[in-house]
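Enquirer:
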Amino acid sequence: MSAITEEVVDSASIAAASTKRKSLWLVAIRNPNVIFGGIILLGMVLIALLAPFLGTVDPTRIDPAARNKKPGTEITMRLDDGTTVKRVAIMGTDSLGRDVYSRVLYGTRVSLAVGISVALVAIAIGVVIGLVSGYVRWADGIIMRIMDGLMAIPGILLAIALVSIWRAGLITVVFAIVVPDVPRVVRLVRSIVLTVREEPYVEGAISVGTPTWTLMFRHILPNTIAPLIVQGTFLAAAAILTEAALSFLGIGIPPEIPSWGNIMAEGRTLFRVFPHNILYPGIFLALTVLAINIMGDGLRDTLDPKMSKKV
Amino acid sequence: MSTAAKKPVLEVRNLSVALPAGGDRVHAVEKVNFTVNPGEIVCLVGESGSGKSVIAFTVMGLLAKALKPTSGEILLEGENILTADETRLRELRCTRMSMIFQEPMTALNPVMTCGEQIDEVLRTHTKLDSAQRKAKIIAILARVKLPEPERIYASYPHQLSGGQRQRIMIAMALVLDPVLLIADEPTTALDVTTQAEILKLIAELQHGQGTGVLFITHDFGVVAEIAHRVAVLRWGELVEMGPTEQILSKPVQAYTKMLISSVPSIHPAHRGGRKDGETVLRTEKLGKTYAGSGFFQKARVVKAAVDVDLDIRRGETLGIVGESGSGKSTVARCIARLIDPTDGKVFLGDTEIGKISAGKLRPHRRRVQIVFQDPYRSLNPRITVGDSIIEGPMNFGLSRDEAMARARKLMETVRLDPNALDRFPHQFSGGQRQRICIARALAMEPELLIADEAVSALDVSVQKQVLELLDEIRRRLNLAVLFITHDLRVAAQICDNVAVMSQGRVVEYGAAEQVFEHPKHDYTKSLFAAAPGRNWEFGKFAAA
């Protein structure tokens with residue numbers, strides 16, 4: 000029996016071991032990819048929030064006297080009270096004389112709103128369906144066949160159909176992008192639930208009589224958070240691109256609201272003479288999507304080591 | 000040993016290997032010296048983390064980049080391997096030294112036939128033409144006693160059993176007659192009867208050829224079975240080395256003594272267990288059939304357990320022993336209702352729980368608790384061990400404070416510091432975690448405790464402590480214990496009654512003394528005959 004008593008653990012020896020495992024979140028925010036992508040993204044968020052204070056004018060304001068000006072041209076603006084102001088159109092103006100700089104900055108709002116809401120809505124719906132599908136065995140087959148069906152619908156075609164039924168608008172666009180994205184989240188969550196439910200600690204919880212809901216939310220769901228954050232970044236990036244494509248085709252955000260896709264669509268006809276109409280929103284679009292993807296890569300490497308190439 | 004006059008095939012001198020900064024110690028291996036002579040089997044034995052595999056990988060030049068040999072030399076027939084470049088090492092591997100690994104399932108390439116994989120060795124290292132190579136491969140397959148070498152040559156690894164795959168690995172290792180064979184736990188993943196065959200094969204082959212073997216194991220039974228000389232390692236240092244007989248029966252160092260005396264005896268301890276307790280659990284013709292629901296093909300039916308009749312009384316330990324796939328865990332999981340039995344009845348006291356619905360089962364969940372094999376996966380890594388322990392009692396209506404008070408008492412019962420309740424599982428060692436799992440099970444105040452291979456993942460010294468703890472708890476709380484194990488030695492020490500399972504059926508069932516000393520069924524007999532080191536009585540040196 001003496002062998003056992005020697006083994007009594009004093010708290011000091013356990014505490015010493017605790018330094019071995021750092022919080023994953025601390026590791027994640029030190030990852031260079033996460034930092035790089037995060038800084039650009041933070042800049043975009045600030046631009047979206049502070050758009051009115053960054054030297055912009057009303058992005059929908061039409062000025063027939065200042066149509067198709069190249070970047071850097073000085074424009075005389077006549078305000079509503081009759082006075083005139085001179086300002087430099089940094090990014091030029093479009094064929095209706097609207098200030099491209101203001102439109103691009105305000106367009107950030109639409110893109111980020113679409114990206115974030117698509118990711119959140121798709122994850123919210125996908126987690127619930129995925130949990131049920133992974134845990135309730137008889138429902139699994141039915142749910143997954145429906146999900147396979149949804150996944151087969153191309154987002155752009157669905158948007159065209161929806162716009163013809165409803166009106167073009169932010170909600171229609173978000174809905175059209177979310178529908179084919181939900182199955183991706185469902186599959187991810189389901190696969191994690193299927194693995195985790197076989198873990199001995201989950202079986203241990205079952206055998207101490209833990210109710211199913213507690214089991215799901217306390218023992219199973221936390222395992223999905225890190226992969227979902229990673230998946231969420233990629234969904235957001237793809238959604239921003241799809242929104243731009245829809246708007247460019249004229250079936251997304253209504254043309255009076257400035258979004259990067261709309262601005263590019265508007266500048267398409269005069270692209271050869273005035274490329275700035277497409278160039279600047281294009282740069283913003285590329286930069287945002289790149290930043291989100293780089294951050295997603297970094298998060299995946301740190302939060303979800305199984306998916307990353309590094310061991 | 001007559002080999003002493005010959006030059007050793009392997010000489011390890013003063014070898015040290017550094018661990019990366021931030022490890023739990025500075026050196027993985029420190030100042031280790033030993034030799035392997037031709038025709039000799041040297042066993043490196045030690046618990047997990049003792050550095051035995053690091054030595055094997057250093058000799059093969061397969062060490063992970065993070066580990067660096069810092070001093071010493073490794074002489075293979077006089078040639079220093081530590082200073083050899085990659086080209087030279089590649090020439091030496093398989094021709095002069097070979098290695099076989101623990102997992103025969105993953106050590107072979109699944110998309111190449113076994114013959115092609117051995118052929119690759121010959122193509123790399125010899126100038127034989129294809130007919131000569133094929134003849135040589137067929138010959139070596141016959142020598143490792145694989146039936147129908149021609150058919151095996153064309154078989155893919157998944158078509159062979161674990162034991163056959165390990166024979167392929169041995170054939171591949173020995174096809175070019177190396178002077179040194181390194182075997183890194185080659186039988187650990189195998190069943191005991193297969194293990195016995197492989198050990199016999201290795202001994203025969205090396206004897207016939209005069210190969211020196213460096214055999215790495217944690218199992219003293221295997222050591223007793225196969226070794227000529229033994230080196231005991233602890234925390235990277237060589238504690239003691241000598242002829243097998245001397246180390247096993249007259250060890251000098253305290254650590255060696257402790258380690259060897261921790262090995263459970265295969266002869267059942269005569270436990271004066273009471274036979275009059277009330278019956279806690281009784282199964283009647285319990286069965287579990289898995290039927291794959293084939294939509295397009297014929298459904299596959301697997302009978303995991305058939306007609307299992309068991310009963311356990313209060314204060315009694317029933318052991319179920321058997322090889323992998325014998326259905327012992329299936330029975331345990333049916334009784335704990337982690338899976339639903341398809342046939343028969345499970346009586347807990349007077350209540351039949353095998354078929355009742357999940358809702359009606361809930362109040363009875365408390366009465367049966369289970370401790371699992373893998374201590375690293377049995378606790379939710381995201382919540383504190385305290386929260387894990389009180390989860391059950393709180394499910395059954397205890398307040399958090401009451402449950403916490405109970406958890407503190409239980410931590411003392413399992414000999415852990417109650418103040419450690421707010422720590423997370425990763426802060427505990429494997430043995431400590433297993434104690435926490437026992438505490439979690441006990442928190443429910445169960446009538447039946449199921450231990451499903453609960454000590455199999457633990458080192459032998461820790462295993463001994465956990466076994467003693469389990470037995471003490473059984474005695475103190477007058478618990479019924481169902482103990483599932485593949486390890487006959489463990490079963491001999493802890494069980495009052497033993498059920499031997501094979502292919503889903505109980506083939507022999509009776510008091511431990513009777514089953515162990517006078518087995519009746521052929522399968523039981525073959526199982527005991529295969530137990531490594533069965534003729535050794537470990538730890539009887541204390542009196543000498």
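Order-wise, the sequence lines are chains W and Z.
Numbering-wise (numbering that gives the first Met the number 0), the first sequence opens with residue 0 and increments by one.
Numbering-wise (numbering that gives the first Met the number 0), the second sequence opens with residue 0 and increments by one.
Built from N, CA and C at the ideal position, the CB exists for glycine as well.
1) Please state if the CB of residue 30 of chain Z and the CB of residue 71 of chain Z are separated by a distance shorter than 9 Å.
2) Based on DSSP bridge pairs, tell me the residues matched to residue 131 of chain W.
3) Just confirm the distance between the C-beta atoms of residue 103 of chain Z and residue 59 of chain Z, as a whole number of angstroms; I'd bet it's less than 8 Å.
4) When the cut-off is 9 Å and only beta carbons count, does residue 403 of chain Z lie next to chain W?
5) Candidates W:90, W:79 and W:224: which alpha carbon is nearest residue 381 of chain Z's?
6) Within the same chain, show all residues whose beta-carbon is closer than 6 Å to that of residue 105 of chain W, passing over the 5 residues directly before and after it, in chain order.
7) Under a three-way DSSP split, which group does residue 264 of chain Z fall into?
8) Going by the CB atoms, is the gap between residue 124 of chain W and residue 132 of chain W shorter than 9 Å?
9) Measure the alpha-carbon distance for residue 474 of chain Z versus residue 487 of chain Z and round it to whole angstroms.
10) Per DSSP, what kind of secondary structure is residue 120 of chain W in: helix, strand or coil?
11) Could you name the residues of the same chain whose beta carbon sits closer than 8 Å to that of residue 27 of chain Z, not counting the 5 residues immediately before and after it, in chain order?
12) Given a threshold of 16 other Cβ atoms within 10 Å of its Cβ, counted over all protein chains shown, does residue 163 of chain W qualify as buried or as exposed?
13) Can you check whether the C-beta of residue 206 of chain W is within less than 9 Å of a C-beta belonging to chain Z?
14) What is the rounded straight-line gap between the Cα of residue 20 of chain W and the Cα of residue 30 of chain W?
15) Kindly indicate which three-state DSSP category residue 242 of chain Z falls into: helix, strand or coil?
16) Bridge partners for residue 482 of chain Z per DSSP, in chain order?
17) Taking any Cβ of chain W, which residues in the region 329–359 of chain Z have a Cβ under 7 Å from it, in chain order?
18) Using a Cβ-Cβ cut-off of less than 9 Å, list which residues of the region 202–231 of chain W approach chain Z; keep chain order.
19) Does the contact criterion of 3 or more C-beta pairs under 8 Å hold for the region 146–156 of chain Z versus the region 109–121 of chain Z?
20) Near residue 146 of chain W, which residues of its chain fall below 6 Å by C-beta distance, leaving aside the five closest residues on each side in sequence?
21) With a threshold of 9 Å between beta carbons, is residue 324 of chain Z in contact with chain W?
22) Looking at the C-beta of residue 378 of chain Z, does it have a partner C-beta in chain W at a distance below 9 Å?
23) Between residue 390 of chain Z and residue 207 of chain W, what straight-line distance do the alpha-carbon atoms span, to the nearest angstrom?
24) Report the residues of the region 380–413 of chain Z with a CB closer than 7 Å to any CB of chain W, ordered along the chain.
25) Helix, strand or coil for residue 101 of chain Z, going by three-state DSSP, please let me know.
26) What are the start and end residues of the beta strand (DSSP E) that includes residue 123 of chain Z?
27) Excluding the 5 residues preceding and the 5 following residue 536 of chain Z in the sequence, name in chain order all residues of the same chain whose CB lies nearer than 8 Å to its CB.
28) Restricting to Cα atoms, I'd like to know which of Z:278, Z:173, Z:365 and Z:224 is closest to residue 209 of chain Z.
29) When you compare only the Cα positions, how much space is there between residue 87 of chain W and residue 229 of chain W?
30) Quick one: what's residue 209 of chain W bridged to in DSSP?
31) According to DSSP, what are the bridge partners of residue 509 of chain Z?
32) By DSSP, does residue 261 of chain W sit in helix, in strand, or in coil?
33) Can you tell me whether residue 199 of chain W is buried or exposed, with buried defined as 16 or more other CB within 10 angstroms of its CB?
34) Does any CB atom of chain Z fall closer than 9 Å to the CB of residue 200 of chain W?
35) Between Z:309, Z:288 and Z:307, which has its C-alpha nearest residue 299 of chain Z's C-alpha?
Expert: This is what the structure gives:
1) Yes. Within cutoff.
2) DSSP lists no partner for residue 131 of chain W.
3) Contact flag wrong, Cβ pair sits at about 18 Å.
4) Closer than 9 Å to the CB of residue 403 of chain Z there is not a single CB belonging to chain W.
5) For residue 381 of chain Z, the closest C-alpha among the options W:90, W:79 and W:224 is that of W:224.
6) Cβ contact annotation for residue 105 of chain W (same chain, cutoff 6 Å, sequence separation greater than five): 50, 58 and 257, in chain order.
7) Residue 264 of chain Z sits in coil when the DSSP states are folded into three classes, being neither helix nor strand.
8) No; because the gap between Cβ atoms is not below 9 Å, this pair is not in contact.
9) Cα to Cα, the separation comes out at about 22 Å.
10) Helix.
11) If we look at residue 27 of chain Z and ignore the five residues flanking it on each side, its Cβ neighbours are 16, 17, 18, 50, 53, 66 and 235.
12) By the neighbour-count criterion, in which a residue is buried when 16 or more other Cβ atoms sit within 10 angstroms of its Cβ, residue 163 of chain W is exposed.
13) For residue 206 of chain W, the answer is yes, since a Cβ of chain Z falls inside 9 Å of its Cβ.
14) Confidence in residue 20 of chain W is poor, its pLDDT being 48 and thus under 50, which makes the residue's placement unreliable; the coordinate value appears in the next sentence. Rounded to whole angstroms, the gap between the alpha carbons of residue 20 of chain W and residue 30 of chain W is 17 Å.
15) Of the three classes helix, strand and coil, the one that applies to residue 242 of chain Z here is strand, per DSSP.
16) Z:318 and Z:450, per the DSSP bridge assignment.
17) Correct list: 335 and 337.
18) From the region 202–231 of chain W, only 202, 203, 204, 205, 206, 207, 208, 209, 210, 211, 213, 217, 218, 221 and 222 have a Cβ closer than 9 Å to chain Z.
19) A contact exists between the region 146–156 of chain Z and the region 109–121 of chain Z.
20) The beta carbon of residue 146 of chain W is closer than 6 Å to those of 182 and 185 in its chain, skipping five residues each way along the sequence.
21) Answer no: the Cβ-Cβ gap between residue 324 of chain Z and chain W never drops below 9 Å.
22) Yes - at least one Cβ of chain W is within 9 Å of the one on residue 378 of chain Z.
23) Each residue's alpha carbon lies about 8 Å from the other.
24) For the region 380–413 of chain Z, residues whose beta-carbon sits nearer than 7 Å to a beta-carbon of chain W comprise 381, 390, 391, 394 and 395.
25) Correct three-state label for residue 101 of chain Z: coil.
26) No beta strand (DSSP E) holds residue 123 of chain Z; the alpha helix (DSSP H) holding it covers 113–124.
27) Cβ within range, chain order: 264 and 266.
28) Comparing Cα-Cα distances from residue 209 of chain Z to each of Z:278, Z:173, Z:365 and Z:224, the minimum goes to Z:173.
29) Rounded to the nearest angstrom, the two C-alpha atoms are 41 Å apart.
30) In DSSP, residue 209 of chain W forms no bridge with anything.
31) Residue 509 of chain Z pairs with Z:497.
32) In this structure, DSSP gives residue 261 of chain W a helical state, which the three-state scheme calls helix.
33) Buried, because 16 or more other Cβ atoms sit within 10 Å of the Cβ of residue 199 of chain W.
34) Chain Z, which has a Cβ nearer than 9 Å to the Cβ of residue 200 of chain W, makes this yes.
35) Cα-wise, what sits closest to residue 299 of chain Z is Z:288.
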